[in-house]
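K.L.:
The following block contains the structure, expressed as structure tokens.
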């Protein structure tokens, strides 16, 4: 019986391999991008102490962002797809921060996954994939602001595991299980539960996503966040008002429970961000991001609130985008540093970024 089972399995694999080799619907698409920037914080504090969000950790210097190369393959009329998405540079290193120090090759892997369509409306995905939580994403060409939000920086970046996506018209559902948050190779047996419910209007002008990611009962010895549990609920809404004006909204709440003996209190922080997108011409776009962070119990941020406003201009010439950006942020406590080393409740930054997508 066992021989028959393994014999059948081997024949099935050989048949699948043969079908794949004969498949005339196979395709391979290569894409990528490069980006870099100059950033100046007007406090001119030592180092990069006034940068509190991801990927722009420099002061008064030109800096490289990331070079990325992505391969998307399909076969069997789209029934099987695979993605290999590699990144090189500071963005990739921060995105895969658990692997950057000791596993440099894994740090280059932004995403690496295979998807199999069980039916037209159901598909399974296994591997490493960027998180579904939040409004912003890792790749610079996919964001209208170059600097990142507090909510992006302090939410999950990626998940390595398996998920199932189900769609029914404009409604979608995703459920999956993954390694500990952001870990490609996990240091703990604790798993992350991920989920999403999505929907939208028939004309596609309104889309909404309710996202979840969390873990429970983490062991103290191997848990790198020193948390007993973390649970994050996140809402993203996108609406197209006119051909030249759109609005995005992101709200999130992250509940954190500390391991025994921690001096940090249990509690949650909340975040809200509004994105106003105006495109007066095909070559020029403006985005104002206003973000508010509330941490009333000071469980995470070291201050009870943060208010950050970022104005970015996107000037496009074919695949090239130039992004001048101004950012002003303030907080309830003196979490920013002045040039003389004293504290401040506010800071102001200018940035110029260049992004090329191919």
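In the numbering used here, the protein residues as written are 189 to 546. We put the CB at the ideal spot given by N, CA and C, even for glycine.
#1: Can you give the Cα-Cα distance for residue 378 and residue 258, rounded to whole angstroms?
#2: Is residue 286 buried or exposed, if buried means 16 or more other CB atoms sit within 10 Å of its CB?
#3: Using the Cα positions of residue 355 and residue 228, report the straight-line distance between them to the nearest angstrom.
#4: Express the C-alpha separation of residue 221 and residue 543 in angstroms, rounding to a whole number.
#5: For residue 233, count neighbouring C-beta atoms within 10 Å of its own C-beta (all shown protein chains included) and say buried if the count is 16 or more, exposed if not.
#6: Return the Cβ separation of residue 395 and residue 388 in integer angstroms, given the expectation that the two are a contact with Cβ distance under 8 Å.
#7: If you pair each beta-carbon of the region 341-348 with each one of the region 306-313, do three or more pairs fall below 8 Å?
#8: Taking 8 Å as the cut-off, is the beta-carbon of residue 380 closer than that to any non-hydrogen atom of the ligand COA?
#9: Decide if residue 539 is buried, meaning its Cβ has at least 16 other Cβ atoms within 10 Å, or exposed.
#10: Starting from the N-terminal side, write out each stretch of the beta strand (DSSP E) that is 3 residues or longer and does not extend beyond the region 444-513.
#11: Hey, out of 528, 526, 519, whose CA is closest to residue 338's CA?
#12: Cα separation between residue 423 and residue 327?
#13: Would you mind sorting residue 418 into buried or exposed? The rule is 16 or more other CB atoms within 10 Å of its CB.
#14: At which residues does the alpha helix (DSSP H) containing residue 292 begin and terminate?
#15: How about the region 352-371 and the region 309-318: do they share at least three Cβ pairs that are nearer than 8 Å?
#16: Compute the Euclidean distance between the alpha carbons of residue 479 and residue 214, then round it to the nearest angstrom.
#17: Only counting the same chain, and skipping five residues up and downstream in sequence, which positions put a Cβ closer than 6 Å to that of residue 239?
#18: Do you know how far the Cα of residue 301 is from the Cα of residue 198?
#19: When the distance is taken between beta carbons, is residue 437 closer than 9 Å to residue 461?
#20: Give me the residue from 503, 335, 314 with the minimum Cα distance to residue 366.
#21: On the criterion of 16 or more Cβ atoms from any shown chain inside 10 Å, does residue 527 qualify as buried, or is it exposed?
#22: Quick one: is residue 525 buried, meaning 16 or more other Cβ sit within 10 Å of its Cβ, or exposed?
#23: So is residue 530 buried or exposed if we call it buried at 16+ other beta carbons inside 10 Å?
#24: Please classify residue 391 as buried or exposed, where buried requires at least 16 neighbouring CB atoms within 10 angstroms.
#25: Excluding the 5 residues flanking residue 340 on each side, which residues of the same chain have their C-beta closer than 6 Å to its C-beta?
#26: From which residue to which residue does the alpha helix (DSSP H) around residue 383 run?
#27: Just to confirm before moving on: does the CB-CB distance between residue 271 and residue 261 stay below 9 Å?
#28: DSSP puts residue 518 in a beta bridge; with which residues?
#29: Taking a contact to mean a Cβ-Cβ separation below 9 Å, would you say residue 226 touches residue 511 in this structure?
P.N.:
From the atom records:
#1: 30 Å
#2: buried
#3: 45 Å
#4: One alpha carbon belongs to residue 543, the other to residue 221, and they sit about 7 Å apart.
#5: buried
#6: Contact holds; Cβ gap of about 4 Å.
#7: no
#8: The model on display carries no ligand, and the ligand COA is accordingly not part of it.
#9: buried
#10: For the region 444-513, whole beta strand (DSSP E) runs of length 3 or above, ordered along the chain, are 455-469, 472-482, 493-505.
#11: 519
#12: 20 Å
#13: buried
#14: Residues 292-295.
#15: yes
#16: 44 Å
#17: 245
#18: Reliability fails at residue 198, whose pLDDT of 37 lies under 50, so the model's placement of it is uncertain and the value that follows must be treated cautiously. Each residue's Cα considered, the two are about 23 Å apart.
#19: yes
#20: With respect to the C-alpha of residue 366, the residue from 503, 335, 314 having the closest C-alpha is 314.
#21: Taking all protein chains shown into account, residue 527 has fewer than 16 neighbouring C-beta atoms within 10 Å of its C-beta and is therefore exposed.
#22: Looking at its Cβ environment, which holds 16 or more other Cβ atoms inside 10 Å, residue 525 is buried.
#23: exposed
#24: exposed
#25: Apart from sequence neighbours up to five positions away, the residues of its chain that approach residue 340 with a beta-carbon distance below 6 Å are 322, 324, ordered along the chain.
#26: It is not in any alpha helix (DSSP H) - residue 383 instead sits in the beta strand (DSSP E) that spans 380-388.
#27: It is a contact, given that the beta carbons lie within the stated cut-off.
#28: 495, 534
#29: No.
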